[in-house]
Structures are given as C-alpha cells and as structure tokens.
C-alpha cells in the first residue's frame with residue numbers, strides 16, 4: 156500500500172511552483188515486495204517527470220517489515236482461543252492487516268503470534284481500528300483478554 160500523505164508545492168494559488176515535495180509511506184505484506192519498492196517508485200517518478208520536462212529525487216526510507224506470525228506459535232495461540240471461547244469464535248485466516256508494525260521486529264527476532272482479541276460490541280458500534288478518530292476501547296473485553304493469556308500459559312505449562 157502506497158499512501159501519499161503530504162504534498163507541498165509553493166505558497167500561492169496562482170503561481171506555478173519551482174518544486175513539489177511529497178511524503179508518504181509504503182507498507183507491503185511480503186519482504187520481496189518491500190525490496191523492489193524503491194526502484195519501482197523511482198522508475199515511475201522519473202517517467203512522469205520526463206513526460207513534463209522535470210526531474211525528481213527519491214529519498215526512500217525503508218519502513219517497518221510486515222507482521223508475519225510463525226505457524227507453530229499461531230497454532231498454540233489458536234488452541235488457547237478454542238479452549239476458552241470455542242472454534243466458532245476463532246478467525247483462523249483473517250484478512251491480512253498492515254497493523255502491528257512494531258511487533259514485526261519481535262517476530263523477526265523470535266517466533267511468535269500477534270493476536271487480535273476483537274473489541275467490537277456486536278451492536279453496530281463495532282471495533283474501529285486503533286488509529287480511527289472513532290476508536291473507543293471496549294473495556295468489557297479486558298476479562299476475556301486476561302483469560303486468553305491465562306489459558307495460553309496454562310496450556311503451555313501443561314505441555
């Protein structure tokens with residue numbers, strides 16, 4: 156996902172600016188895709204600039220890697236969920252998400268599993284994403300979250 160989040164160009168509405176500065180972010184699900192992004196973006200930018208007699212400079216700062224759970228730890232986590240709330244309340248193959256980018260570094264160092272507890276109320280007020288202006292933490296999920304972690308630990312200690 157390429158997000159252009161800022162465009163700065165001049166100070167007047169009726170003057171063609173000498174330069175334009177754009178900022179944004181890139182997130183990918185695969186490390187291989189992340190690796191080709193700088194050259195791909197530069198190629199596109201140079202092509203657009205060449206069409207208009209302009210030039211460009213790309214300052215690409217590599218962002219966070221994708222959060223990719225390890226299979227064994229995901230199964231351990233899934234068992235704790237099933238033991239606690241049943242298979243019908245476990246989403247085994249959720250839609251991939253660009254979130255939890257800071258946890259991705261932990262998963263590069265050690266095997267693990269990033270877990271979403273689900274904070275929706277089921278009343279149409281659903282769980283807004285964390286960075287939404289409508290986000291409101293559902294305190295009612297705290298006991299379920301604590302129970303999940305306790306079940307996970309109990310299962311692992313018994314193994």
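In our numbering, the protein residues as written are 156 to 314. Where a beta carbon is used, it is the ideal one built from N, C-alpha and C, also for glycine.
What are the residues that DSSP puts in a beta bridge with residue 181?
Counting from 1 along the chain shown, the entry for residue 181 is found at position 26. Looking at the DSSP assignment, residue 181 forms a beta bridge with 157.
In whole angstroms, what separates the C-alpha of residue 301 from that of residue 253?
What you label residue 301 is simply residue 146 of the chain shown in a count that begins at 1. What you label residue 253 is simply residue 98 of the chain shown in a count that begins at 1. If you take the alpha carbons of residue 301 and residue 253, they lie about 25 Å apart.
Once you ignore the five residues that flank residue 306 on each side, which residues in its own chain have a CB closer than 7 Å to its CB?
As a working note, residue 306 is residue 151 in the chain shown. Excluding sequence neighbours, residue 306 sits near 235, 238 and 239.
Could you please give the first and the last residue of the uninterrupted alpha helix (DSSP H) stretch that includes residue 312?
Stepping through the chain shown from its first residue, residue 312 is reached at position 157. Counting along the chain, the alpha helix (DSSP H) containing residue 312 begins and ends at 297-313.
Run the CB neighbour count on residue 221, radius 10 Å, all protein chains shown included, and call it buried at 16 or more, exposed below.
Taking the first residue of the chain shown as 1, we reach residue 221 at position 66. Label assigned to residue 221: buried.
What are the start and end residues of each continuous beta strand (DSSP E) run of 3 or more residues lying completely inside the region 167-220, in chain order?
176-181
Looking only at DSSP bridge pairs, what is residue 162 linked to?
For the purposes of this step, residue 162 is identified with residue 7 of the chain shown, where counting begins at 1. 177, per the DSSP bridge assignment.
Note the first and the last residue of the continuous alpha helix (DSSP H) segment covering residue 235.
Taking the first residue of the chain shown as 1, we reach residue 235 at position 80. Its alpha helix (DSSP H) spans residues 226-240.
What's the C-alpha gap between residue 304 and residue 218?
Numbered from its first residue, the chain shown carries residue 304 at position 149. Numbered from its first residue, the chain shown carries residue 218 at position 63. Residue 304 and residue 218: Cα-Cα distance of roughly 30 Å.
Just curious, the alpha helix (DSSP H) that residue 294 is in, first and last residue?
Along the chain shown, read from residue 1 onward, the residue named residue 294 stands at position 139. Element bounds for residue 294: n/a, residue is neither H nor E.
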